[in-house]
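Colleague: Quick note on the working numbering: the sequence shown kicks off at 10 and runs consecutively.
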Amino acid sequence: MKVCVKLKPLAILQKIFGWLIVIEAAKSGMEPAAVLLGYTLGILLCELADVWYKLIYKYEQAIEKSAY
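1. Please report the distance separating the alpha-carbon of residue 44 from that of residue 52.
2. Is DSSP giving residue 33 helix, strand or coil here?
3. Is it the case that the Cβ atoms of residue 20 and residue 62 are separated by a distance below 8 Å?
4. Taking Cβ positions, are residue 57 and residue 26 nearer each other than 8 Å?
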């Protein structure tokens, strides 16, 4: 029995949350250190979404090839 998880919607959702953090940090009007932390956290979430999506996709492809 194979369990499939749709990774693309999860990666898109993580990217949306990352960009929402960046936008909220820009609109917050807080001190510059807090805004910079918000930018960093948001962009990090976006980049990690790309990385884990690519790694898991490659892993799934390798499993499918080895099954044949």
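Positions of the beta carbon are idealized from the N, C-alpha and C atoms, including for glycine.
Since the model is a prediction, treat every value here as computed from it, not as a measurement.
Modeller: To lay it out plainly:
1. 12 Å
2. helix
3. yes
4. no
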